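Numbering (the working numbering), first residue to last: 483 to 907.
Every residue gets a Cβ at the ideal spot worked out from N, C-alpha and C, and that includes glycine.
Source: prediction; values computed, not measured.
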Amino acid sequence: MGNKRRKNFGGDKQKKASKQASERAEDEEEGVEDATVCNEENNNDEVKPYALFITYCGLPFNGIQIQNGSGSKVITIESIIYDALSELNLFKSKILKEIKLQRACRTDRGVSAIRNVISFRLSIPEIKSNTTVSESYNILESLRMKMNEQINKHPKMTKYQDYIQVTQIQRIPGMFKLHHYCHHRRYLYILPHSTLDLESKNILLKSNNIFNLNTIEEKMNKLNELFSKYEGTHFFHNFTIDVNPGAETAVRQIKSMKIIENNDDHFVIEIVGRSFMLHQIRIMIGTCVSMIRGLCPADMIETAFKPNIHVDLPLIMPEGLFLDICDFPNYNRNIVKPPFEALSLKEDKIELVEKFKNDFLIPKIVQLMKEQNIALKWLVDLHCSKGSYFKPVEYNKPNNNNNQKKTTKTVETATTISIDNKEEK
Numbered sequence: 483m484g485n486k487r488r489k490n491f492g493g494d495k496q497k498k499a500s501k502q503a504s505e506r507a508e509d510e511e512e513g514v515e516d517a518t519v520c521n522e523e524n525n526n527d528e529v530k531p532y533a534l535f536i537t538y539c540g541l542p543f544n545g546i547q548i549q550n551g552s553g554s555k556v557i558t559i560e561s562i563i564y565d566a567l568s569e570l571n572l573f574k575s576k577i578l579k580e581i582k583l584q585r586a587c588r589t590d591r592g593v594s595a596i597r598n599v600i601s602f603r604l605s606i607p608e609i610k611s612n613t614t615v616s617e618s619y620n621i622l623e624s625l626r627m628k629m630n631e632q633i634n635k636h637p638k639m640t641k642y643q644d645y646i647q648v649t650q651i652q653r654i655p656g657m658f659k660l661h662h663y664c665h666h667r668r669y670l671y672i673l674p675h676s677t678l679d680l681e682s683k684n685i686l687l688k689s690n691n692i693f694n695l696n697t698i699e700e701k702m703n704k705l706n707e708l709f710s711k712y713e714g715t716h717f718f719h720n721f722t723i724d725v726n727p728g729a730e731t732a733v734r735q736i737k738s739m740k741i742i743e744n745n746d747d748h749f750v751i752e753i754v755g756r757s758f759m760l761h762q763i764r765i766m767i768g769t770c771v772s773m774i775r776g777l778c779p780a781d782m783i784e785t786a787f788k789p790n791i792h793v794d795l796p797l798i799m800p801e802g803l804f805l806d807i808c809d810f811p812n813y814n815r816n817i818v819k820p821p822f823e824a825l826s827l828k829e830d831k832i833e834l835v836e837k838f839k840n841d842f843l844i845p846k847i848v849q850l851m852k853e854q855n856i857a858l859k860w861l862v863d864l865h866c867s868k869g870s871y872f873k874p875v876e877y878n879k880p881n882n883n884n885n886q887k888k889t890t891k892t893v894e895t896a897t898t899i900s901i902d903n904k905e906e907k
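#1: Alpha carbons only, please: which of Thr715, Ala586, Thr649, Phe804 is nearest the one belonging to glutamate 829?
#2: To the nearest angstrom, how far is the alpha carbon of valine 835 from that of valine 875?
#3: Per DSSP, what are the beta-bridge partners of glutamine 650 in this structure?
#4: Under three-state DSSP, which class holds methionine 739?
#5: From the DSSP output, in three-state form, read off threonine 640 for me.
#6: Taking the C-alpha atoms as reference points, what is the distance between isoleucine 685 and tryptophan 860?
#7: Is it the case that the Cβ atoms of phenylalanine 693 and lysine 711 are separated by a distance below 8 Å?
#8: Buried or exposed: which applies to glutamate 801, given that a residue is buried once 16 or more other Cβ atoms fall within 10 Å of its Cβ?
#9: Applying the 10 Å Cβ sphere with the 16-neighbour rule, what's the burial state of proline 811?
#10: Assuming alanine 857 and serine 676 make a contact with CB atoms under 8 Å, what is their CB distance in whole Å?
#11: Beta carbon of valine 750, beta carbon of isoleucine 798: below 8 Å?
#12: Can you look up cysteine 866 in the DSSP assignment and give me helix, strand or coil?
#13: Please determine, among Glu699, Ile698, Phe838, Leu678, the residue with the shortest C-alpha to C-alpha distance to serine 689.
#14: Could you tell me whether the region 574-587 touches the region 652-668, using the rule of 3 or more Cβ pairs below 8 Å?
#15: On a Cα-Cα basis, can you pick out the residue from Gly768, Gln547, Arg653, Phe543 that is closest to valine 818?
#16: Only counting the same chain, and skipping five residues up and downstream in sequence, which positions put a Cβ closer than 7 Å to that of lysine 635?
#17: Count the other C-beta atoms from every protein chain shown that fall within 10 angstroms of the C-beta of lysine 737, then say buried if there are 16 or more, exposed otherwise.
#18: CA-CA distance, aspartate 724 and asparagine 691?
#19: Would you check if the region 740-760 and the region 785-798 touch, i.e. whether three or more CB-CB distances between them fall below 8 Å?
#20: Using C-beta distances below 6 Å, list every residue in its chain close to phenylalanine 573, excluding the 5 sequence neighbours before and after it, in chain order.
#21: Taking 6 Å as the limit between beta carbons, can you name the residues of its chain near tyrosine 669, skipping five residues before and five after?
#22: Are the region 765-780 and the region 554-572 touching, with three or more C-beta to C-beta distances below 8 Å?
#23: Whole angstroms are fine: how far does the CA of asparagine 878 sit from the CA of arginine 667?
#24: Determine whether the beta carbon atoms of isoleucine 783 and leucine 695 lie at a separation below 8 Å.
#25: Less than 7 Å separating the Cβ of histidine 675 from some heavy atom of the ligand GTP?
#26: For methionine 627, which option in Leu567, Arg591, Pro779, Ser605 has the closest C-alpha, if you only look at C-alpha atoms?
#27: To the nearest whole angstrom, what separates the beta carbons of isoleucine 548 and leucine 583, a pair I think is in contact under 8 Å?
#28: Roughly how many whole angstroms lie between the Cα atoms of glutamine 479 and leucine 570?
#29: I'd like to check one pair, isoleucine 646 with tyrosine 538: are the Cβ atoms closer than 8 Å?
#30: Between the alpha carbons of proline 637 and asparagine 630, how many angstroms are there, rounded?
#31: Give me, in chain order, the residues of the same chain whose beta-carbon lies closer than 8 Å to that of asparagine 550; leave out the 5 immediate sequence neighbours on both sides.
#32: Count the other CB atoms within 10 Å of the CB of proline 779; is the residue buried (16 or more) or exposed (fewer)?
#33: Check whether the Cβ atoms of isoleucine 606 and leucine 625 lie closer than 8 Å to each other.
#34: Can you have a look at arginine 815 and say buried or exposed, based on whether 16 or more other CB atoms are within 10 angstroms of its CB?
#35: Using a Cβ-Cβ cut-off of 7 Å (strictly less than) and excluding sequence neighbours within five positions of glutamate 608, which residues of its own chain qualify?
#36: So, is asparagine 598 buried or exposed, given that buried needs 16 or more other C-beta atoms within 10 angstroms?
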């Protein structure tokens with residue numbers, strides 16, 4: 483019914499994962515001296531780096547990251563934008579390495595974003611060294627509208643008009659690394675009340691009300707109590723994939739996690755931190771829902787934090803998750819200097835993206851979950867697979883000559899979303 487992902491702590495897959503984790507760690511740590519990051523490049527170079535603030539509904543797409551170059555058949559947010567910018571002749575090269583594609587935050591399949599930032603080296607000959615700030619702004623605004631028109635003309639966007647929007651364009655320093663300076667991320671998750679229905683007559687969804695919760699308010703308060711356990715700095719190796727227990731890359735800090743809205747049929751959960759690992763937020767929420775339903779011990783979160791423990795935990799459906807804010811506080815307050823500006827949305831753009839969030843994205847997520855019974859499908863998968871989870875084992879680091887492997891399974895909903903006349907499950 484649902485897809486299974488496996489965590490592998492050995493062999494080639496671990497080597498590949500270790501390399502990726504190492505690259506991510508280097509990306510977080512590496513960077514030029516803050517004092518020199520804004521040093522101006524050669525003004526005669528007509529190809530310069532620009533940051534694009536983007537807003538998108540990611541439900542029908544395979545994540546943000548472009549896959550295997552522009553010729554890939556995998557439809558992602560970056561691949562659509564790349565094709566649109568190519569049509570506008572904004573690149574001097576078609577090689578991704580040369581156009582220096584970057585992203586502040588990576589989002590997975592089905593995950594959306596209200597404020598994300600990507601960057602390219604673009605050729606905009608209308609902007610010269612003597613172009614004033616106001617003239618540059620007008621040129622970039624005109625170009626932004628052309629970008630959005632071209633995105634909507636993309637053959638894969640026929641059914642998804644305005645699902646991807648460029649909301650602002652601005653120059654950034656050549657040595658600026660989006661991921662390195664993005665120190666604040668705020669995610670929101672739409673959690674249907676039905677995931678906490680403990681009295682279902684469906685025999686497959688039999689729950690154990692270990693906390694004696696009866697009203698939705700009691701369940702909300704209990705969820706907030708469980709969410710608060712994530713706050714602070716902990717080992718999150720059991721809340722991602724392909725990371726060894728106790729690894730330094732698994733240490734993350736959650737600044738806050740709580741329910742900020744209780745609507746008629748869903749909660750809105752806020753998660754704030756500096757950085758998150760692959761699937762981390764979804765596994766955190768999936769574990770708490772499992773605890774409310776009595777599928778695991780009440781101390782499962784504390785157990786999962788232990789650096790020598792490996793335990794399989796469930797992954798909740800992706801459709802409810804979206805990136806709300808990514809911010810660059812240190813760069814904006816302490817580093818940026820002319821001719822560059824703070825990397826943040828203008829007031830009129832904030833109104834634009836908030837309208838997209840409240841009038842389009844959240845209603846779209848709620849509607850899709852209802853129409854496709856996404857929460858129900860995930861709950862059935864969760865209950866049918868509960869024997870695969872919540873069994874902590876002590877992890878001993880394998881020796882070089884020991885090919886010891888540990889596996890984990892995570893549940894994905896069997897969601898069907900149509901794109902390019904194909905079905906994704």
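Concretely, from the data shown:
#1: On the sequence shown, residue 829 is found 347 positions in, with the first residue counted as 1. Checking every option, the nearest Cα to that of glutamate 829 belongs to Thr649.
#2: Residue mapping note: residue 835 aligns to position 353 of the sequence shown, counting from 1. Residue mapping note: residue 875 aligns to position 393 of the sequence shown, counting from 1. Whole-angstrom Cα-Cα distance: 45 Å.
#3: As a working note, residue 650 is residue 168 in the sequence shown. DSSP, once it has assigned bridges, lists Phe535 as partnering glutamine 650.
#4: For the purposes of this step, residue 739 is taken as the residue at position 257 of the sequence shown. Looking at methionine 739 - three-state DSSP - the assignment turns out to be strand.
#5: Along the sequence shown, read from residue 1 onward, the residue named residue 640 stands at position 158. Coil, per DSSP.
#6: Counted from its first residue, the sequence shown places residue 685 at position 203. Counted from its first residue, the sequence shown places residue 860 at position 378. Those two C-alpha atoms are separated by around 15 Å.
#7: Here the question's residue 693 lines up with position 211 in the sequence shown. Here the question's residue 711 lines up with position 229 in the sequence shown. The answer is no: Cβ separation not under 8 Å.
#8: Within the sequence shown, numbered from 1, the residue matching residue 801 stands at position 319. Glutamate 801 comes out buried.
#9: Counted from its first residue, the sequence shown places residue 811 at position 329. Looking at its Cβ environment, which holds fewer than 16 other Cβ atoms inside 10 Å, proline 811 is exposed.
#10: As a first step, residue 857 is located in the sequence shown; it is residue number 375 there, counting from the start. As a first step, residue 676 is located in the sequence shown; it is residue number 194 there, counting from the start. 5 Å between Cβ atoms; contact.
#11: Here the question's residue 750 lines up with position 268 in the sequence shown. Here the question's residue 798 lines up with position 316 in the sequence shown. No. Outside cutoff.
#12: The sequence position of residue 866 within the sequence shown is 384, counting from 1. In the structure shown, cysteine 866 sits in a helix (DSSP, three-state: H, G or I).
#13: In the sequence shown, counting from the first residue as 1, residue 689 sits at position 207. Checking every option, the nearest Cα to that of serine 689 belongs to Leu678.
#14: yes
#15: As a first step, residue 818 must be located in the sequence shown, where it is residue number 336. For valine 818, the closest alpha carbon among the candidates Gly768, Gln547, Arg653, Phe543 is that of Arg653.
#16: Looking up residue 635 in the sequence shown gives position 153. Nothing meets the Cβ criterion.
#17: Within the sequence shown, the letter at position 255 stands for residue 737. Lysine 737 is exposed by the Cβ-count criterion.
#18: On the sequence shown, residue 724 is found 242 positions in, with the first residue counted as 1. On the sequence shown, residue 691 is found 209 positions in, with the first residue counted as 1. Whole-angstrom Cα-Cα distance: 33 Å.
#19: Taking a cut-off of 8 Å for Cβ pairs, the region 785-798 and the region 740-760 do not touch, as fewer than three such pairs fall below it.
#20: Position 91 of the sequence shown, counting from 1, holds the residue named residue 573. These residues qualify, in order along the chain: Ile581.
#21: By 1-based counting over the sequence shown, the position of residue 669 is 187. Excluding residues within five positions, the ones whose Cβ falls inside 6 Å are Ile753, Ile763, Leu805.
#22: no
#23: As a position in the sequence shown, residue 667 is number 185, starting the count at 1. As a position in the sequence shown, residue 878 is number 396, starting the count at 1. Straight-line Cα distance between these residues: approximately 33 Å.
#24: Here residue 783 refers to the residue found at position 301 when the sequence shown is read from its first residue. Here residue 695 refers to the residue found at position 213 when the sequence shown is read from its first residue. No, Cβ-Cβ distance for isoleucine 783 and leucine 695 is not below 8 Å.
#25: The ligand GTP is absent from the structure shown, which contains no ligands of any kind.
#26: Here residue 627 corresponds to residue number 145 of the sequence shown, with the count starting at 1. Selected option, being the one with the closest Cα: Leu567.
#27: Stepping through the sequence shown from its first residue, residue 548 is reached at position 66. Stepping through the sequence shown from its first residue, residue 583 is reached at position 101. Between leucine 583 and isoleucine 548 the Cβ distance is about 7 Å, and since that is below 8 Å, they are a contact.
#28: It is not possible to answer for residue 479, since the shown part of the chain is limited to 483 through 907.
#29: Position 56 of the sequence shown, counted from the start, is the residue given in the question as residue 538. Position 164 of the sequence shown, counted from the start, is the residue given in the question as residue 646. Yes, the pair counts as a contact, with Cβ atoms nearer than the cut-off.
#30: Taking the first residue of the sequence shown as 1, we reach residue 637 at position 155. Taking the first residue of the sequence shown as 1, we reach residue 630 at position 148. C-alpha separation (whole angstroms): 14 Å.
#31: The residue labelled residue 550 in the question sits at position 68 within the sequence shown. Around asparagine 550: Val556.
#32: Residue mapping note: residue 779 aligns to position 297 of the sequence shown, counting from 1. Burial check for proline 779: the Cβ neighbour count within 10 Å stays below 16, so the residue is exposed.
#33: Position 124 of the sequence shown, counted from the first residue, corresponds to residue 606. Position 143 of the sequence shown, counted from the first residue, corresponds to residue 625. Yes.
#34: Looking up residue 815 in the sequence shown gives position 333. By the Cβ neighbour-count rule, arginine 815 is exposed, with fewer than 16 other Cβ atoms within 10 Å of its own.
#35: Along the sequence shown, one-based indexing puts residue 608 at 126. Ile621.
#36: One-based indexing of the sequence shown puts residue 598 at position 116. So asparagine 598 ends up on the buried side.
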